[in-house]
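Below is one structure, written out as structure tokens, with a few remarks after it.
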Amino acid sequence: MVSAPLSSIDLSQPQSTIGFAEEQLQTQSAVTKSTEKTSEIVQHANELMNELQTKKDILDKIRYRLTNLTYDTNDTCSLLEELDKAKKTVDEKQQMYNNLQKSFDNLQISSKKSEEQLQSQLNKNQTLEKNFEQQKSVNNELQQENTRLSSLNAKQLHDLKHLEQLRQSILTFEKKLDQKQTRVNELSMKIIEKEDIIETKVKECQKHRLELRELETKYYTLGKQLEEQILAMTKEMEKLNVEKEMLRFDLESIRLNQKNDRPASARSTAEDQIARVKAECNQQIIEGEVECYKLRINQLTNEKDDLLKT
Numbered sequence: 487m488v489s490a491p492l493s494s495i496d497l498s499q500p501q502s503t504i505g506f507a508e509e510q511l512q513t514q515s516a517v518t519k520s521t522e523k524t525s526e527i528v529q530h531a532n533e534l535m536n537e538l539q540t541k542k543d544i545l546d547k548i549r550y551r552l553t554n555l556t557y558d559t560n561d562t563c564s565l566l567e568e569l570d571k572a573k574k575t576v577d578e579k580q581q582m583y584n585n586l587q588k589s590f591d592n593l594q595i596s597s598k599k600s601e602e603q604l605q606s607q608l609n610k611n612q613t614l615e616k617n618f619e620q621q622k623s624v625n626n627e628l629q630q631e632n633t634r635l636s637s638l639n640a641k642q643l644h645d646l647k648h649l650e651q652l653r654q655s656i657l658t659f660e661k662k663l664d665q666k667q668t669r670v671n672e673l674s675m676k677i678i679e680k681e682d683i684i685e686t687k688v689k690e691c692q693k694h695r696l697e698l699r700e701l702e703t704k705y706y707t708l709g710k711q712l713e714e715q716i717l718a719m720t721k722e723m724e725k726l727n728v729e730k731e732m733l734r735f736d737l738e739s740i741r742l743n744q745k746n747d748r749p750a751s752a753r754s755t756a757e758d759q760i761a762r763v764k765a766e767c768n769q770q771i772i773e774g775e776v777e778c779y780k781l782r783i784n785q786l787t788n789e790k791d792d793l794l795k796t
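583 is the number that my numbering gives to position 97 of the sequence shown; each next residue is one higher, with no gaps.
Here it is as structure tokens:
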């Protein structure tokens, strides 16, 4: 008889596993008691057999004495009465022996059934332990995927902060450009109002044109840097999209495996859906901001060209 070790029962297993272990202990105790009782019955039966054998020997002696000896009538009656009593005693012992034999057979059947139930219970416990180990492995894989998604989320937040810094830089540049535009407009008004000092104003205009060219050079450099950053961010977003699709495929595979083994918890499905929606929203926000920056750069370029033409 093989029994499961108590150390294999983990406290973190489901309540059903603990219940099966308790039933297993109760069944083992019942089988032990049945075995002890069976041993007592067998011993008692052996004693009865010895006693029956003794009675049989006495009967043989009585038959021998009745056959070979001649007694008077009283002695013969006494012997017959003793023979009848001995027969009754033998019959009673035989009946008791038969009852004990039936009880012994019943106990053997009951013990066999108990052993079968115990073996079935052991098989169930082993199946539950295997299922628990498989579920534990799946949970570890899901935890690793969750950690990876959290790191991707942190990276996306860092990229958003960087984009916000770029937006603030562009706003500052726009303010400076507006200030320069205001100054150019004021100079143009002075040139129109003071025609007598056109040469001086022309020099000032040339000076301002040089400043505008320097600004153009700086703006062109900044635009190139911004375009390179946008391209780098676009490539990074494409990588993130590819990783997201791979993660989605992995999560779908895990979900299908869980359907075959054991149903996945509603909490894990909800967390996966929240992470997926959050990633898509972040991607849409970043793409929208990048598109706005591109439109703003084109608008500023057109305004700069118009200023240079005037």
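Here a beta-carbon is modelled for each residue, glycine too, at the ideal position from N, C-alpha and C.
- Query: With a Cβ-Cβ cutoff of 9 angstroms, do E697 and K721 count as a contact?
  - Reply: Within the sequence shown, residue 697 is the residue found at index 211, counting from 1. Within the sequence shown, residue 721 is the residue found at index 235, counting from 1. Going by C-beta atoms, E697 is not nearer than 9 angstroms to K721.
- Decide if the stretch 655-665 is in contact with the stretch 627-639; the criterion is three or more beta carbon pairs, one per stretch, under 8 angstroms apart. no
- Rounded to whole angstroms, what's the CA-CA distance from V670 to R695? Just pull it up for me. Counting from 1 along the sequence shown, the entry for residue 670 is found at position 184. Counting from 1 along the sequence shown, the entry for residue 695 is found at position 209. Roughly 9 angstroms between the two C-alpha positions.
- Query: On the three-pair Cβ rule with 8 angstroms, is the stretch 567-583 touching the stretch 599-613?
  - Reply: no
- Query: Taking all protein chains shown into account, do 16 or more other C-beta atoms lie within 10 angstroms of the C-beta of A640, making it buried, or fewer, making it exposed?
  - Reply: For the purposes of this step, residue 640 is taken as residue 154 along the sequence shown, with counting starting at 1. A640 comes out exposed.
- Could you check how far apart the C-beta atoms of I544 and A572 are, in whole angstroms? I think they sit under 8 angstroms. In the sequence shown, counting from the first residue as 1, residue 544 sits at position 58. In the sequence shown, counting from the first residue as 1, residue 572 sits at position 86. Correct: roughly 6 angstroms between the Cβ atoms.
- Task: In angstroms with no decimal places, state the Cα-to-Cα distance between L781 and I740.
- Result: Here residue 781 refers to the residue found at position 295 of the sequence shown. Here residue 740 refers to the residue found at position 254 of the sequence shown. Rounded to whole angstroms, L781 to I740 spans 43 angstroms at the Cα level.
- Message: If you reduce the DSSP assignment to three classes, tell me which class L492 lands in.
- Response: Translated into the one-based positions of the sequence shown, residue 492 becomes position 6. With a pLDDT of 34 at L492, under the threshold of 50, the modelled position of this residue cannot be trusted, and the question is left open.
- Message: According to DSSP, simplified to helix, strand and coil, what is R748?
- Response: Taking the first residue of the sequence shown as position 1, residue 748 is located at position 262. Residue confidence for R748 is low, a pLDDT of 49 falling below 50, so the modelled location carries little weight; the figure read from the coordinates is stated next. Correct three-state label for R748: coil.
- Can you check whether the CB of I772 is closer than 9 angstroms to the CB of M719? Looking up residue 719 in the sequence shown gives position 233. Looking up residue 772 in the sequence shown gives position 286. The answer is yes: Cβ separation under 9 angstroms.
- Message: Please report the distance separating the alpha-carbon of Q603 from that of Q512.
- Response: Taking the sequence shown and counting its residues from 1, the one referred to as residue 603 is at position 117. Taking the sequence shown and counting its residues from 1, the one referred to as residue 512 is at position 26. Whole-angstrom Cα-Cα distance: 11 angstroms.
- Message: Within 10 Å of its beta-carbon, does Q642 have 16 or more other beta-carbons around it, so buried, or fewer, so exposed?
- Response: Counting from 1 along the sequence shown, the entry for residue 642 is found at position 156. With 16 or more Cβ atoms within 10 Å of its Cβ, Q642 is classed as buried.
- Query: From K704 to H644, what does the alpha carbon distance come to, in whole angstroms?
  - Reply: Locating residue 704 in the sequence shown gives position 218, where the first residue counts as 1. Locating residue 644 in the sequence shown gives position 158, where the first residue counts as 1. Their Cα atoms are separated by approximately 27 angstroms.
- Message: Once the 5 residues before and after L586 are set aside, which same chain residues still bring their CB inside 6 angstroms of it?
- Response: Reading the sequence shown from its first residue, position 100 is the one you call residue 586. Only I527, A531 meet the Cβ criterion.
- Contacting residues, own chain, Cβ-Cβ under 8 angstroms from M535 (five flanking each side not counted): Position 49 of the sequence shown, counting from 1, holds the residue named residue 535. Y583, listed in sequence order.
- Task: Please report how far the alpha carbon of E522 lies from the alpha carbon of I595, in whole angstroms.
- Result: For the purposes of this step, residue 522 is identified with residue 36 of the sequence shown, where counting begins at 1. For the purposes of this step, residue 595 is identified with residue 109 of the sequence shown, where counting begins at 1. Straight-line Cα distance between these residues: approximately 15 angstroms.
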